[in-house]
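The structure appears below as structure tokens.
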Amino acid sequence: MRTVFASSVCPETRQVQSFNIEPAGYGPQTAAVLTDLVIRSKASCTDEEGQLLYTPDQIEAKRPYLVVTESHLAKPSLRFYIAKHDRGVLVGMACLRVPDDKRNRNGELRWMFVEPDVKGSGCGRALWNTITAVARNEGLLSFQICFEAAAEAFYRRVGGERLKQTSENQFRYFV
0 MRTVFASSVC
10 PETRQVQSFN
20 IEPAGYGPQT
30 AAVLTDLVIR
40 SKASCTDEEG
50 QLLYTPDQIE
60 AKRPYLVVTE
70 SHLAKPSLRF
80 YIAKHDRGVL
90 VGMACLRVPD
100 DKRNRNGELR
110 WMFVEPDVKG
120 SGCGRALWNT
130 ITAVARNEGL
140 LSFQICFEAA
150 AEAFYRRVGG
160 ERLKQTSENQ
170 FRYFV
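Residues in the sequence shown are numbered from 0 upward in steps of one, following numbering that gives the first Met the number 0.
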């Protein structure tokens, strides 16, 4: 998939925000930049009252699960996309896992994070639209989403359906 120019209406301001969505590059610099974005985004997650969900120590303990590596970026089954603001600044990323076995038509949204200062701007929606288009192009019927409780409202708005209550929130999206 080539670069996609995506616009979305910010629900809070009703202003149109524009983002360029493109495949992520490869290499250690890309991995480091994406990891930093993921950690900043995760560290900014809040509950309904606006209280941070994680202390710095908890974020540090989660770091091994938040790192994007060069091997992730090079893995053929992982489709990484980045969002850049219309000024060219990286503001989000998403990754869809497509099964190696083409008979398995169910994927997984592995990561989707946006910079804290663009949450609510439509960046997540622009990434979501790209990921669902990629899923359709890959012939997937659905993909699973594991997410933070803070993101549940977003995944409900875009059509996710709750699978079951587990220690992690899980939704399935039908393409």
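The beta carbon of each residue, even a glycine, is placed where N, CA and C say it ideally should be.
Residues of the same chain with a CB within less than 6 Å of the CB of Gln143, apart from the 5 flanking positions on each side, are Glu107 and Arg171 in chain order. As a beta-bridge residue in DSSP terms, Ala93 pairs with Tyr80 and Met111. The straight-line gap separating the alpha-carbon atoms of Glu147 and Thr54 is approximately 15 Å. For Ser70, the enclosing alpha helix (DSSP H) has its first and last residue at Glu69 to Ala73. Nearest Cα to Gly26 within the set Lys74, Asp46 and Ala149: Lys74. In this structure the segment 28-36 lies against the segment 58-71, because at least three pairs of beta carbons, one per stretch, are closer than 8 Å. For Phe173, the number of other beta carbons within 10 angstroms of its own is below 16, and it is reported as exposed. Note: Arg171 is bridge-paired with Gln143 and Glu160 in the DSSP secondary-structure output.
Counted as a single uninterrupted DSSP element, the alpha helix (DSSP H) harbouring Lys61 occupies residues Pro55 to Leu65.
Taking the Cα positions, Ala42 is about 6 Å away from Ile58.
Nearest Cα to Asn136 within the set Glu114, Cys145 and Arg104: Arg104. As a beta-bridge residue in DSSP terms, Asn105 pairs with Ser141.
The beta carbon of Asp85 lies closer than 6 Å to those of Ser17 in the same chain, with the five residues before and after it left out. Assigned with DSSP and collapsed to three states, Pro98 falls in coil, not helix or strand.
Within the DSSP bridge table, the entry for Ser43 names no partner.
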